[in-house]
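Participant:
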Amino acid sequence: MSDERRMYELEYPAPAVGGDSPAGPTLIVALQGYADAGHAVESSADHIKAALESRTVATFNNDELIDYRSRRPLVTLRHHEIANVEPLELDMRVVKDNAGTPFLLLSGPEPDLRWQAFSEAVADLAERFDVSETICLYSAPMATPHTRPLVVSAHGNDRDLVGSMFTFDGMVTVPGAAAIMIERELHKRGRKVAGFTAHVPHYVAASPYPHAMYQLLQSLEDSVNLKLPLRSIERDMAKVSRQLAEQTAQSDEIAHVVQALEKNYDSEMADYRERNPQAMMPGEAELPTGEEISEAFENFLAAIEDRDRARELPLDDVAWNPTNETSTDETSTDETPTEDSDE
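All residue numbers for the sequence shown refer to our numbering, where the first residue is 13 and numbers rise by one.
1) Strictly by DSSP, which residues pair up with residue 115?
2) I'd like to know if the stretch 70-82 and the stretch 90-110 are in contact, where contact means that at least 3 CB-CB pairs between them fall below 8 Å.
3) Helix, strand or coil for residue 59? Go by DSSP, reduced to three states.
4) State the start and end residues of the unbroken beta strand (DSSP E) segment that holds residue 90.
5) According to DSSP, is residue 74 helix, strand or coil?
6) Does the beta-carbon of residue 59 have 16 or more other beta-carbons within 10 angstroms, so that it is buried, or is it exposed?
7) What does the Cβ neighbour count give for residue 219, buried or exposed, with the cut at 16 atoms within 10 Å?
8) Have a look at residue 27 and residue 36 and give me their C-alpha separation to the nearest angstrom.
9) Suppose the cutoff is 8 Å on Cβ atoms and the five residues either side in sequence are ignored; what does the same chain contact list for residue 287 look like?
10) Can you determine whether any heavy atom of the ligand FAD sits closer than 6 Å to the C-beta of residue 41, and answer yes or no?
11) Leaving out the 5 sequence neighbours to the left and right, which residues in its chain are closer than 8 Å to residue 199 when beta-carbon positions are compared?
12) Short of 8 Å in beta carbon distance, which residues of its chain neighbour residue 94, apart from the five on each side in sequence? Order them along the chain.
13) State whether the stretch 179-194 contacts the stretch 234-254, with contact taken as three or more CB pairs (one from each stretch) at a distance under 8 Å.
14) First and last residue of the alpha helix (DSSP H) that includes residue 252?
15) Taking residue 199 as part of the beta strand (DSSP E), name the residues at either end of that continuous run.
16) For the structure I just gave you, are there three or more beta carbon pairs, one from the stretch 118-131 and one from the stretch 208-222, closer than 8 Å?
17) What are the partner residues of residue 28, as DSSP defines its beta bridges?
18) Three-state secondary structure (DSSP) at residue 44?
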(Lines of atoms letter the chains of each structure in order from A and count residues from 1; the text may use other names and numbers.)
(Lines give C-alpha, C1' and ligand atoms only; values in the text may rest on other atoms or scores of the structure.)
Protein backbone atom coordinates (compact mmCIF):
# COMPACT_ATOMS: atom_id res chain seq x y z
CA MET A 1 0.00 0.00 0.00
CA SER A 2 2.82 2.42 0.82
CA ASP A 3 4.44 1.73 -2.57
CA GLU A 4 1.10 2.43 -4.26
CA ARG A 5 0.86 5.82 -2.53
CA ARG A 6 4.35 6.71 -3.73
CA MET A 7 3.47 5.73 -7.31
CA TYR A 8 0.29 7.79 -7.70
CA GLU A 9 -2.25 9.87 -5.81
CA LEU A 10 -6.00 9.61 -6.32
CA GLU A 11 -8.04 12.79 -6.61
CA TYR A 12 -10.38 13.62 -3.75
CA PRO A 13 -13.24 13.97 -4.12
CA ALA A 14 -13.01 11.49 -6.96
CA PRO A 15 -14.94 12.30 -10.14
CA ALA A 16 -17.55 9.84 -11.38
CA VAL A 17 -16.03 7.37 -13.82
CA GLY A 18 -18.90 5.06 -14.75
CA GLY A 19 -21.62 5.96 -17.23
CA ASP A 20 -25.10 4.68 -18.03
CA SER A 21 -23.72 1.55 -19.68
CA PRO A 22 -23.41 -1.56 -17.48
CA ALA A 23 -19.98 -2.17 -19.01
CA GLY A 24 -17.03 -0.32 -17.52
CA PRO A 25 -15.22 2.54 -19.27
CA THR A 26 -12.60 2.16 -21.98
CA LEU A 27 -9.03 3.06 -21.03
CA ILE A 28 -6.89 4.80 -23.67
CA VAL A 29 -3.11 4.80 -23.05
CA ALA A 30 -1.31 7.58 -24.95
CA LEU A 31 2.21 8.03 -23.57
CA GLN A 32 4.62 10.35 -25.36
CA GLY A 33 8.03 8.83 -25.82
CA TYR A 34 9.97 6.50 -28.06
CA ALA A 35 7.05 5.01 -30.03
CA ASP A 36 5.61 8.34 -31.18
CA ALA A 37 6.60 9.01 -34.80
CA GLY A 38 5.03 12.16 -36.17
CA HIS A 39 4.06 13.10 -32.58
CA ALA A 40 0.85 11.22 -33.29
CA VAL A 41 0.36 9.77 -29.80
CA GLU A 42 1.19 12.97 -27.93
CA SER A 43 -0.98 15.00 -30.33
CA SER A 44 -3.88 12.57 -29.91
CA ALA A 45 -3.82 12.98 -26.13
CA ASP A 46 -3.44 16.76 -26.35
CA HIS A 47 -6.31 16.99 -28.82
CA ILE A 48 -8.63 14.92 -26.63
CA LYS A 49 -7.82 16.95 -23.52
CA ALA A 50 -8.23 20.27 -25.33
CA ALA A 51 -11.47 19.42 -27.15
CA LEU A 52 -13.37 17.38 -24.56
CA GLU A 53 -14.43 17.80 -20.95
CA SER A 54 -12.12 15.97 -18.56
CA ARG A 55 -11.27 15.65 -14.87
CA THR A 56 -8.17 14.17 -13.26
CA VAL A 57 -8.63 10.81 -11.54
CA ALA A 58 -5.05 9.95 -10.54
CA THR A 59 -1.72 11.78 -10.71
CA PHE A 60 1.55 9.85 -10.90
CA ASN A 61 4.64 10.81 -8.93
CA ASN A 62 7.24 12.16 -11.36
CA ASP A 63 10.09 11.73 -8.86
CA GLU A 64 9.44 7.98 -8.87
CA LEU A 65 9.23 7.63 -12.65
CA ILE A 66 11.00 10.43 -14.55
CA ASP A 67 14.73 10.93 -15.15
CA TYR A 68 14.87 14.72 -15.41
CA ARG A 69 18.26 14.58 -17.14
CA SER A 70 16.68 12.91 -20.16
CA ARG A 71 13.43 14.90 -20.05
CA ARG A 72 14.24 18.35 -18.77
CA PRO A 73 11.26 20.64 -18.06
CA LEU A 74 11.33 24.07 -19.70
CA VAL A 75 12.10 26.96 -17.35
CA THR A 76 11.07 30.57 -18.07
CA LEU A 77 13.15 33.44 -16.67
CA ARG A 78 11.65 36.92 -16.43
CA HIS A 79 13.45 39.96 -15.02
CA HIS A 80 16.27 37.87 -13.59
CA GLU A 81 13.84 35.56 -11.76
CA ILE A 82 12.40 32.12 -12.40
CA ALA A 83 8.86 32.85 -13.56
CA ASN A 84 7.67 29.38 -14.50
CA VAL A 85 8.70 25.74 -14.65
CA GLU A 86 6.71 23.73 -17.19
CA PRO A 87 5.14 20.77 -15.37
CA LEU A 88 5.49 17.20 -16.59
CA GLU A 89 1.95 15.87 -16.18
CA LEU A 90 1.61 12.10 -16.11
CA ASP A 91 -1.96 11.40 -15.08
CA MET A 92 -5.17 9.50 -15.69
CA ARG A 93 -8.32 11.46 -16.51
CA VAL A 94 -11.98 10.67 -17.03
CA VAL A 95 -13.10 12.21 -20.32
CA LYS A 96 -16.56 12.52 -21.88
CA ASP A 97 -16.79 12.08 -25.64
CA ASN A 98 -19.10 14.06 -27.93
CA ALA A 99 -22.02 11.80 -26.97
CA GLY A 100 -21.37 12.13 -23.23
CA THR A 101 -19.88 8.64 -22.87
CA PRO A 102 -17.08 8.58 -20.26
CA PHE A 103 -13.72 6.94 -20.89
CA LEU A 104 -10.32 7.04 -19.19
CA LEU A 105 -7.17 8.59 -20.70
CA LEU A 106 -3.68 7.86 -19.39
CA SER A 107 -1.31 10.42 -20.90
CA GLY A 108 1.93 12.26 -20.32
CA PRO A 109 5.63 11.44 -20.63
CA GLU A 110 6.56 7.79 -20.82
CA PRO A 111 8.27 6.84 -17.53
CA ASP A 112 12.04 6.44 -17.62
CA LEU A 113 12.11 4.27 -14.52
CA ARG A 114 10.20 1.45 -12.78
CA TRP A 115 8.22 0.20 -15.77
CA GLN A 116 7.16 -2.97 -13.96
CA ALA A 117 5.82 -1.12 -10.92
CA PHE A 118 4.19 1.48 -13.17
CA SER A 119 2.40 -1.11 -15.30
CA GLU A 120 1.15 -2.88 -12.16
CA ALA A 121 -0.14 0.43 -10.79
CA VAL A 122 -2.00 1.16 -14.03
CA ALA A 123 -3.49 -2.34 -14.02
CA ASP A 124 -4.59 -1.80 -10.41
CA LEU A 125 -6.37 1.40 -11.46
CA ALA A 126 -7.99 -0.43 -14.38
CA GLU A 127 -9.38 -2.97 -11.94
CA ARG A 128 -10.43 -0.27 -9.45
CA PHE A 129 -12.50 1.49 -12.13
CA ASP A 130 -13.72 -1.76 -13.73
CA VAL A 131 -12.23 -0.92 -17.14
CA SER A 132 -13.90 -2.98 -19.86
CA GLU A 133 -11.06 -2.77 -22.42
CA THR A 134 -7.76 -0.97 -22.85
CA ILE A 135 -6.24 0.36 -26.08
CA CYS A 136 -2.64 1.56 -26.20
CA LEU A 137 -1.63 4.00 -28.94
CA TYR A 138 1.68 3.85 -30.80
CA SER A 139 3.20 5.46 -33.87
CA ALA A 140 6.18 4.10 -35.78
CA PRO A 141 8.29 5.31 -38.75
CA MET A 142 7.77 3.01 -41.72
CA ALA A 143 8.84 2.77 -45.36
CA THR A 144 5.49 4.01 -46.61
CA PRO A 145 4.55 6.95 -48.87
CA HIS A 146 2.46 9.94 -47.83
CA THR A 147 0.49 9.59 -51.07
CA ARG A 148 -1.26 6.39 -49.96
CA PRO A 149 -3.80 5.80 -47.16
CA LEU A 150 -2.08 5.68 -43.79
CA VAL A 151 -2.01 2.22 -42.23
CA VAL A 152 -2.99 1.62 -38.61
CA SER A 153 -2.08 -1.92 -37.58
CA ALA A 154 -3.58 -3.66 -34.58
CA HIS A 155 -2.60 -6.37 -32.14
CA GLY A 156 -4.28 -7.64 -29.01
CA ASN A 157 -5.87 -10.50 -27.09
CA ASP A 158 -9.48 -9.73 -28.04
CA ARG A 159 -10.89 -10.33 -31.52
CA ASP A 160 -13.57 -7.66 -31.18
CA LEU A 161 -11.00 -4.94 -30.45
CA VAL A 162 -8.77 -5.89 -33.36
CA GLY A 163 -11.76 -6.54 -35.66
CA SER A 164 -10.94 -6.37 -39.33
CA MET A 165 -8.02 -3.98 -38.90
CA PHE A 166 -4.65 -4.49 -40.56
CA THR A 167 -2.52 -7.01 -38.66
CA PHE A 168 1.00 -8.35 -39.13
CA ASP A 169 1.33 -11.93 -40.26
CA GLY A 170 3.99 -14.03 -38.59
CA MET A 171 6.43 -12.77 -35.96
CA VAL A 172 7.59 -9.17 -35.44
CA THR A 173 10.25 -7.98 -32.97
CA VAL A 174 10.05 -4.36 -31.80
CA PRO A 175 11.73 -2.29 -29.05
CA GLY A 176 9.88 -2.27 -25.75
CA ALA A 177 7.82 0.58 -24.33
CA ALA A 178 6.08 1.31 -21.04
CA ALA A 179 2.70 0.95 -22.76
CA ILE A 180 3.64 -2.54 -23.95
CA MET A 181 4.44 -3.46 -20.35
CA ILE A 182 0.95 -2.25 -19.41
CA GLU A 183 -0.50 -4.46 -22.16
CA ARG A 184 1.39 -7.46 -20.86
CA GLU A 185 0.27 -6.89 -17.26
CA LEU A 186 -3.38 -6.48 -18.26
CA HIS A 187 -3.17 -9.61 -20.40
CA LYS A 188 -1.75 -11.57 -17.44
CA ARG A 189 -4.75 -10.45 -15.39
CA GLY A 190 -7.18 -11.65 -18.05
CA ARG A 191 -8.36 -8.21 -19.15
CA LYS A 192 -9.09 -7.21 -22.76
CA VAL A 193 -6.29 -5.12 -24.26
CA ALA A 194 -5.11 -4.08 -27.73
CA GLY A 195 -2.55 -1.82 -29.33
CA PHE A 196 -3.00 0.40 -32.40
CA THR A 197 0.10 1.56 -34.31
CA ALA A 198 0.08 4.32 -36.94
CA HIS A 199 2.55 3.72 -39.78
CA VAL A 200 4.11 7.14 -40.42
CA PRO A 201 6.24 7.81 -43.53
CA HIS A 202 9.79 7.72 -42.20
CA TYR A 203 10.75 11.00 -43.87
CA VAL A 204 8.15 12.98 -41.84
CA ALA A 205 8.52 11.04 -38.57
CA ALA A 206 10.37 13.85 -36.80
CA SER A 207 7.66 16.46 -37.50
CA PRO A 208 4.01 16.63 -36.42
CA TYR A 209 1.97 14.53 -38.85
CA PRO A 210 -1.76 15.11 -38.26
CA HIS A 211 -2.75 12.29 -40.63
CA ALA A 212 -1.42 9.76 -38.11
CA MET A 213 -3.25 11.40 -35.22
CA TYR A 214 -6.49 11.43 -37.23
CA GLN A 215 -6.25 7.76 -38.17
CA LEU A 216 -5.44 6.69 -34.61
CA LEU A 217 -8.49 8.53 -33.27
CA GLN A 218 -10.63 7.22 -36.14
CA SER A 219 -9.54 3.68 -35.27
CA LEU A 220 -10.58 4.29 -31.67
CA GLU A 221 -14.01 5.44 -32.84
CA ASP A 222 -14.48 2.35 -34.96
CA SER A 223 -13.21 -0.09 -32.35
CA VAL A 224 -14.85 1.07 -29.10
CA ASN A 225 -17.68 3.28 -30.43
CA LEU A 226 -16.42 6.58 -29.03
CA LYS A 227 -17.48 9.87 -30.63
CA LEU A 228 -14.33 11.96 -30.91
CA PRO A 229 -13.82 15.45 -32.40
CA LEU A 230 -12.10 14.81 -35.74
CA ARG A 231 -13.29 17.56 -38.07
CA SER A 232 -10.92 20.16 -36.61
CA ILE A 233 -7.91 18.01 -37.57
CA GLU A 234 -8.76 18.02 -41.27
CA ARG A 235 -7.48 21.58 -41.85
CA ASP A 236 -4.02 20.65 -40.52
CA MET A 237 -4.05 17.52 -42.66
CA ALA A 238 -4.81 19.52 -45.81
CA LYS A 239 -2.02 22.00 -45.00
CA VAL A 240 0.59 19.27 -44.50
CA SER A 241 -0.57 17.47 -47.66
CA ARG A 242 -0.08 20.64 -49.71
CA GLN A 243 3.40 21.15 -48.29
CA LEU A 244 4.44 17.57 -49.06
CA ALA A 245 3.00 17.80 -52.58
CA GLU A 246 4.97 20.99 -53.23
CA GLN A 247 8.22 19.51 -51.93
CA THR A 248 7.74 16.37 -54.01
CA ALA A 249 7.04 18.38 -57.16
CA GLN A 250 10.15 20.54 -56.65
CA SER A 251 12.60 17.64 -56.27
CA ASP A 252 13.11 14.83 -58.74
CA GLU A 253 15.02 12.89 -56.09
CA ILE A 254 12.13 13.07 -53.60
CA ALA A 255 9.63 12.17 -56.34
CA HIS A 256 11.71 9.11 -57.27
CA VAL A 257 11.81 7.93 -53.64
CA VAL A 258 8.06 8.42 -53.24
CA GLN A 259 7.35 6.48 -56.44
CA ALA A 260 9.47 3.57 -55.22
CA LEU A 261 7.62 3.58 -51.90
CA GLU A 262 4.28 3.67 -53.71
CA LYS A 263 5.22 0.63 -55.79
CA ASN A 264 6.27 -1.32 -52.70
CA TYR A 265 3.14 -0.21 -50.77
CA ASP A 266 0.79 -1.27 -53.57
CA SER A 267 2.48 -4.65 -53.86
CA GLU A 268 2.31 -5.33 -50.12
CA MET A 269 -1.33 -4.26 -49.88
CA ALA A 270 -2.25 -6.52 -52.80
CA ASP A 271 -0.52 -9.46 -51.15
CA TYR A 272 -2.23 -8.73 -47.84
CA ARG A 273 -5.63 -8.50 -49.54
CA GLU A 274 -5.05 -11.90 -51.13
CA ARG A 275 -4.13 -13.45 -47.76
CA ASN A 276 -6.89 -11.67 -45.85
CA PRO A 277 -9.88 -11.17 -48.17
CA GLN A 278 -12.19 -10.12 -45.29
CA ALA A 279 -9.85 -7.49 -43.85
CA MET A 280 -10.64 -3.79 -43.98
CA MET A 281 -7.88 -2.23 -46.05
CA PRO A 282 -6.38 1.21 -45.32
CA GLY A 283 -8.60 3.94 -46.73
CA GLU A 284 -11.67 1.71 -46.84
CA ALA A 285 -14.75 2.41 -44.75
CA GLU A 286 -15.91 -0.37 -42.48
CA LEU A 287 -18.88 -2.13 -44.04
CA PRO A 288 -22.09 -2.22 -41.96
CA THR A 289 -23.13 -5.55 -40.46
CA GLY A 290 -26.29 -7.39 -41.51
CA GLU A 291 -28.01 -6.27 -38.31
CA GLU A 292 -27.10 -2.62 -38.98
CA ILE A 293 -28.41 -2.84 -42.56
CA SER A 294 -31.64 -4.47 -41.34
CA GLU A 295 -32.15 -1.82 -38.65
CA ALA A 296 -31.58 1.00 -41.13
CA PHE A 297 -34.06 -0.55 -43.58
CA GLU A 298 -36.69 -0.95 -40.87
CA ASN A 299 -36.25 2.70 -39.85
CA PHE A 300 -36.64 3.72 -43.51
CA LEU A 301 -39.91 1.77 -43.87
CA ALA A 302 -41.23 3.20 -40.60
CA ALA A 303 -40.52 6.73 -41.83
CA ILE A 304 -42.46 6.06 -45.04
CA GLU A 305 -45.43 4.68 -43.06
CA ASP A 306 -45.45 7.72 -40.78
CA ARG A 307 -45.41 10.05 -43.78
CA ASP A 308 -48.25 8.25 -45.54
CA ARG A 309 -50.31 8.12 -42.34
CA ALA A 310 -49.92 11.88 -41.89
CA ARG A 311 -51.14 12.52 -45.44
CA GLU A 312 -54.30 10.43 -44.82
CA LEU A 313 -55.32 12.34 -41.67
CA PRO A 314 -58.34 14.72 -42.04
CA LEU A 315 -57.59 18.41 -41.82
CA ASP A 316 -59.18 18.75 -38.35
CA ASP A 317 -56.74 16.14 -36.96
CA VAL A 318 -53.65 17.99 -38.16
CA ALA A 319 -51.85 19.85 -35.37
CA TRP A 320 -52.21 23.63 -35.39
CA ASN A 321 -49.28 25.38 -37.01
CA PRO A 322 -48.25 28.36 -34.87
CA THR A 323 -46.73 30.05 -37.91
CA ASN A 324 -50.20 30.30 -39.49
CA GLU A 325 -52.47 32.10 -37.04
CA THR A 326 -55.66 32.05 -39.17
CA SER A 327 -57.48 28.88 -40.13
CA THR A 328 -58.76 28.00 -43.58
CA ASP A 329 -62.35 28.63 -42.53
CA GLU A 330 -61.55 32.15 -41.27
CA THR A 331 -59.76 33.24 -44.42
CA SER A 332 -62.35 31.92 -46.89
CA THR A 333 -65.28 34.28 -47.67
CA ASP A 334 -67.76 34.86 -50.43
CA GLU A 335 -67.29 38.62 -50.27
CA THR A 336 -65.14 40.27 -52.87
CA PRO A 337 -62.84 43.03 -51.53
CA THR A 338 -63.55 46.49 -52.88
CA GLU A 339 -61.54 49.67 -52.99
CA ASP A 340 -63.55 51.01 -49.99
CA SER A 341 -62.78 47.98 -47.77
CA ASP A 342 -59.88 49.73 -46.03
CA GLU A 343 -62.05 52.59 -44.82
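For glycine and all other residues, C-beta sits at the position ideal for the given N, C-alpha and C.
Facilitator: According to the structure shown:
1) For the purposes of this step, residue 115 is taken as the residue at position 103 of the sequence shown. Secondary-structure assignment with DSSP links residue 115 through a beta bridge to 107.
2) Output reads yes: the stretch 90-110 touches the stretch 70-82.
3) Mapped onto the sequence shown, residue 59 falls at position 47. Looking at residue 59 - three-state DSSP - the assignment turns out to be helix.
4) Sequence index remark: in the sequence shown, residue 90 carries index 78 (1-based). Start and end: 87-90.
5) To locate residue 74, count along the sequence shown from 1; it is residue 62. The answer is helix: DSSP assigns residue 74 an H, G or I state.
6) Residue mapping note: residue 59 aligns to position 47 of the sequence shown, counting from 1. Counting Cβ neighbours within 10 Å, residue 59 comes out buried, since at least 16 surround it.
7) Counting from 1 along the sequence shown, the entry for residue 219 is found at position 207. Here residue 219 is exposed, its C-beta having fewer than 16 other C-beta atoms within 10 Å.
8) Within the sequence shown, numbered from 1, the residue matching residue 27 stands at position 15. Within the sequence shown, numbered from 1, the residue matching residue 36 stands at position 24. Taking the straight line joining both Cα atoms gives about 15 Å.
9) Numbered from its first residue, the sequence shown carries residue 287 at position 275. Within the same chain, residue 287 has close Cβ partners 181.
10) This structure simply doesn't include the ligand FAD, nor any ligand for that matter.
11) For the purposes of this step, residue 199 is identified with residue 187 of the sequence shown, where counting begins at 1. Take residue 199, set aside five residues on each side of it, and the residues of its chain with a beta-carbon closer than 8 Å to its own are 169 and 205, in chain order.
12) Here residue 94 refers to the residue found at position 82 when the sequence shown is read from its first residue. The answer, listed in chain order, is 87 and 88.
13) Judged by pairs of C-beta atoms under 8 Å, the stretch 179-194 does not touch the stretch 234-254, as fewer than three such pairs exist.
14) Taking the sequence shown and counting its residues from 1, one reaches residue 252 at position 240. Under the DSSP assignment, residue 252 falls in the alpha helix (DSSP H) whose first and last residues are 246-262.
15) If you number the sequence shown from 1, residue 199 lands on position 187. Taken as a continuous stretch (DSSP letters only), residue 199 belongs to no beta strand (DSSP E), being part of the alpha helix (DSSP H) at 190-200.
16) By the Cβ test, the stretch 118-131 is not in contact with the stretch 208-222, since fewer than three Cβ pairs between them sit closer than 8 Å.
17) Here the question's residue 28 lines up with position 16 in the sequence shown. Residue 28 pairs with nothing; no bridge assigned.
18) Here residue 44 is taken as the residue at index 32 of the sequence shown, counted from 1. In this structure, residue 44 counts as strand in the three-state DSSP scheme.
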